[in-house]
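Only one structure is covered here, and it is reproduced in the block below.
Residue numbers (this note's numbering), protein chains in the order written: chain A, 9 to 523; chain B, 93 to 1208.
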């Protein structure tokens, strides 16, 4: 009987005494993942992850690589809107930018990490430059702050404003790098070498400054002057300054792994690029072009690799897998693949090939153009131009063994080729043609420079069924479109940007590309 | 008369209950009837007497402490004419003087007979047969035979009674043999249902919908995962078994889905303790296979009863995990077994792959109108049917030979084997007056329809009950299973999926041609049939892709019960579900889709060891009391749940030695360890009030504390209230005779839920491998953590009625419900520009409402034949009422080939969305140069069926039992990834348009003029892939299927003279026939995953199967 009174008391006791959520905070802390991490590890990863697969548009728009196929491979080969338009957007924001934003917020007031902080700023600006160059307006001031500030649907900023801030970041952060402060050992480019980082920052500033050449020469001149100012550390002075990743058997080269596996029978060298190499007897062709006996096999079983320059033939643009069979000079089939030249899977597209992001060669060629445009007054256009070419020819030093190195004699011979030998009357064209070659596999930059300079003078591919916005313009893709997810989720903000830009299609031009 | 007593006692010497049960009574100034009722309520005794002959209104006072029933009754009836007889739990009260009876005995007869169940025809043991108005009584034996030991008056009336059956009075009328058929009683009145926490309650008192299963139905027509056998059987329960192999999972949903997330599976409770029913599907592409769920560990032969608690009210006591309902399984014990009993069950089943393909068979292999001109061509175009018209001319083929250019239509049978499953189980049970046990062992051997794919499971189940003392008893249940999955088939992926390649193989290829050429004899690498390397040669897949998954699992519990007094007990219970999984899988060296290795050999291998444990500790204190017409039943309790999961997984890529798949032989090693732990503590209480056995009210409350949520908002108290009113009993006087039973019920409840651990703060991780010696760190995961998550809530109201009419010929159970989910915890898509793809938030509001009805009709019920026809139907209407902030749409899952599953405000849950053609303002498709463009994302409709039901018929004729089931689902859509590929590859019939002269799409140009440009057929159809347009491959997924036909025969009567006590043979066909469907080339139930975020996103599974089986059950 008494139990009936005891029970409620017991119940009350249980509630008060048992403290039903004791230890819960400890239980809900993941014991195997760090809640804090030295940001240098994030920085290394952010560097590596800023590289992404950009051949389906960028490499095809500049007509260096090609495929006749649709489906997952479709993009710049057909001038259509297909699956890969959002790769850069999705990758850069969710990987390097979020980590760099996190690093910056964590160490911005830490004087012990001044160099890491400023390298993160430079690299974050680099990522945003790619985004603006690709899409135009993108989220900037509110980007990467999903966790930090709970901004889940960031607003888009005006591309010109973003660019101004990128310039400021390159400049300020480069200047703030300090010898004798923290050494960023985890830096994948230079193991924290401050002088080299300053030259990288300035080379990026030069690259960004040159973007203004088409719309505002005076502004370009101002920026370029800052970039090359020796007092600020100067730009890249040799191939030792190149920013690249040395891939290995664990972390393999992105293009190398694709071309060595799933896409080995599907990707070919573009005809304009290959012809340019061939026509000018370019010794680099040996590194680049190949005809495998059985292209659809793995490298080990692909049979003889014919690298004889005379036999190489590039795939023309504007065809699909059906119409290409009747295209002029169709070379025929090699098993299930086409007999067009492919990128050499043992050299530039090997699994452990280097991937360059910013090179001495590109920098020299930019200086050549800057000199030609009188943005700078030191040196000669010809010298910059030639050292740019030599720089690219030697940047893969000893990578593929001595037999494949391009000798100084070969370099000299190439510089005497009629179309290559410096001709002041064709200076801009020649410089940017070489920039195009030097940017082989650095396709985002090749595309940006092609839009800015108008060189090389490629022919529109006029693919039947290409996107009307391309046809309505000059026949080239000038911009990629925003991810569908943005329309689905971040609707208001993306629409505001689209209105500001006057559309979201492949024909809209980035501000520095305006006619 | 004394003689009779002795006879009875001798025949049933194990009359231990009355000997062992001691009662305490303390009643003052109450009627005898009250005392008897008190005894009935506090014990298992029940009284039989004629109220006209026994004075039960007499007032008494009684005070007995710990006395046997005989002592109590002696005291109660001392000084009266009343005699009593105790047969185990049954007590018969008879009036007066025994000798007075004999005076009336004239023309006396000896009577014998057999009692059988009117519905099943089975003999009924233990039926009480009483001579009306006397103390003479006897109980039927095991074979249903009885014999009245003394002669009775030929005008005497015999009363045949048995719990759960309608008592029958039969006048002897001079007959010496009286055979009786007893009909099952209004089970609704007596039926006891196991409800939450294992509390048994009378079904009539429940204010919510609870459905008990006829376990016979799935024990006879077997499926390897018994979850699949639940299909179509319960109104409001939506069951699907994706064709993913014999070791696969089952998807069960009750009343729609209560959340936007992937797993809205009901809680499975076995013997009072929840078990883990998580489907074990790979989290990486490399192992996208279905390795089964928790129900795989249960042997249907071990199940004694199964109850489905559909609504939140029923489940409120289980708290957060019961938001999707509860399936309560009670396993068999040795209860009722005399001595040792043995039961054997053997079944054999053959699975036949079903072919639903309906391809075009006019144009054969090739691309762009050209047939293969060489072997290389053949191996490049083997997955394309864009060749020329068939003409029978020799053509190069994938096998390196020339074959006539002709269609091949039997790809399914050419590739798949017949699946074979053998299941044997043996159960041993026994008992004595102290307790009982049951031990069963079963073995299932299943060979999939896919070559080299096997599944074996062994299940051992033990149940023990023991009375440690008068008041203390214990119960122990343990279920141990070993589940061994060898090479489970890949599903829902492109590579290494035999279904995917088989599906899109050109219409002129006999798949067997690939058999001898799957491997290059020189290089050892795969020879794949097309230029899409991700379409793996199916023989490469079955011969080279190796996967083992071994799960050892034990779950069970130990319970101690202490009976303080007949009306008060306390109980403590500890239960654990523990399993470990050893798993390994390779990615074969030389697979065409495999990335190249810088040196050595490509491919990958991963090995993992996982363990999971969930410990539940709970206690209950329960009391019940009756005060006159009022009764009260109260329980309080608490539970502590502790879940720990851990997994170590090591993946290696590229090898030094070819063909050796070990971690040591791997070049790049990537070891990972994952761990999670969560706890939930709970306190709860429940009170039942009853009035006169026809009005019931139940109130519950539960408070959960969740470790996974912010301490500021981690506690949630939720109530439930339900009521039941038996108007047929309340107004029994005025009810028409055809109204056997009528009940109204209503309930309201809330339950809450939490989320995964570690989602509130940001964690980091480091890659396993350094980059040239530099460590790479990253923010962990792509979901932005949110520290402010509070518990989600499900609020559900339901009302319903149950009717049994016309002598139980018609019964109807009807429920209407509305279930609102608020503050759902969901990972919602956010802009990638935020740095994260998703964030976890409490979102919006979701509503499910609908009705459930079960109509059972018995058109025939005669001596030899009975026919029961049951129709169950449920309608569920879901609606997304609000999402987070001004969010209008969230995407939760993607399919192979472009379909997306989204939730959109104002629409039903689970919308299939995808890219449409670009259209003009008038809705006309816009083309340029004859080709269409990517247009807007449009919504095609919900993937969740609105209508789900089944029609079940059981016919018995003598020993035969025929069972059929037809079931249906309707009102939902399916995005078919397979058809998307069939359209691209030129196999779908629709691709015949434009084969000659090109496709001229019915569309307009940008300027509004009609399109007149023809596009070459392959170029046109391949464009669907590149553009990702899914319009045209989203189907109405409705279907009607004749699911099961089984015929059984009870041979017991032929063998019951021997030591065999029962023999049953049953044959069955599962997945008998598709009566109606709308999806091209596929079974409309094709799905590769049981997850709700993959609902309606078909992505190439195995061929579905039809099973033929036979099942033999022997009892000794």
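Idealized CB from N, CA, C, for every residue including glycine. Just so you know, these numbers come straight off a predicted model, no measurement behind them.
If you count every other CB in all the chains shown that lies within 10 Å of the CB of residue i, and 16 or more means buried, which is it?
i                       : result
residue 1014 of chain B : exposed
residue 580 of chain B  : buried
residue 48 of chain A   : buried
residue 1168 of chain B : exposed
residue 247 of chain B  : exposed
residue 199 of chain A  : exposed
residue 524 of chain A  : Any property of residue 524 of chain A remains undetermined from this structure, which presents chain A solely from 9 to 523.
residue 446 of chain B  : buried
residue 145 of chain B  : exposed
residue 160 of chain A  : buried
residue 864 of chain B  : exposed
residue 844 of chain B  : buried
I believe residue i touches residue j by the beta-carbon criterion, under 8 Å. Please report the beta-carbon distance rounded to the nearest angstrom.
i                      : j                      : result
residue 506 of chain B : residue 602 of chain B : 6 Å
residue 551 of chain B : residue 644 of chain B : Wrong, their Cβ atoms sit about 12 Å apart, outside the cutoff.
Verify whether the separation of the beta carbon atoms of residue i and residue j is less than 8 Å.
i                      : j                      : result
residue 127 of chain A : residue 183 of chain A : no
residue 958 of chain B : residue 950 of chain B : yes
residue 367 of chain A : residue 320 of chain A : no
residue 218 of chain B : residue 254 of chain B : yes
residue 359 of chain B : residue 414 of chain B : yes
residue 142 of chain A : residue 475 of chain A : no
residue 648 of chain B : residue 548 of chain B : no
residue 210 of chain B : residue 273 of chain B : yes
For residue i, go through chain E and note every residue whose CB falls closer than 8 Å to its CB, in chain order.
i                     : result
residue 52 of chain A : In summary, chain E is missing from the structure at hand, where the protein chains are A and B.
DSSP on residue i, reduced to helix/strand/coil?
i                       : result
residue 185 of chain A  : coil
residue 1140 of chain B : strand
residue 524 of chain B  : coil
residue 1210 of chain B : Any question about residue 1210 of chain B goes unanswered here, given that chain B covers just 93 to 1208.
residue 263 of chain A  : helix
residue 1192 of chain B : coil
residue 71 of chain A   : coil
residue 497 of chain B  : coil
residue 321 of chain A  : coil
residue 199 of chain B  : Because residue 199 of chain B carries a pLDDT of 47, less than 50, the predicted location of this residue cannot be relied on, and the following value inherits that uncertainty. The answer is coil: DSSP assigns residue 199 of chain B none of H, G, I, E or B.
residue 1098 of chain B : coil
residue 164 of chain A  : strand
residue 216 of chain B  : coil
residue 930 of chain B  : strand
residue 88 of chain B   : Only positions 93 to 1208 of chain B appear in the structure, and residue 88 of chain B is not among them; the question remains open.
residue 674 of chain B  : strand
Uninterrupted beta strand (DSSP E) stretches inside the segment 407-450 of chain B (no shorter than 3 residues):
418-423, 431-445
If we require 4 or more residues per run, which alpha helix (DSSP H) segments fall completely within the segment 587-633 of chain B?
590-596
What ranges does the alpha helix (DSSP H) occupy inside the segment 229-295 of chain A, keeping only unbroken runs of at least 4 residues that lie completely in it?
262-268, 279-287
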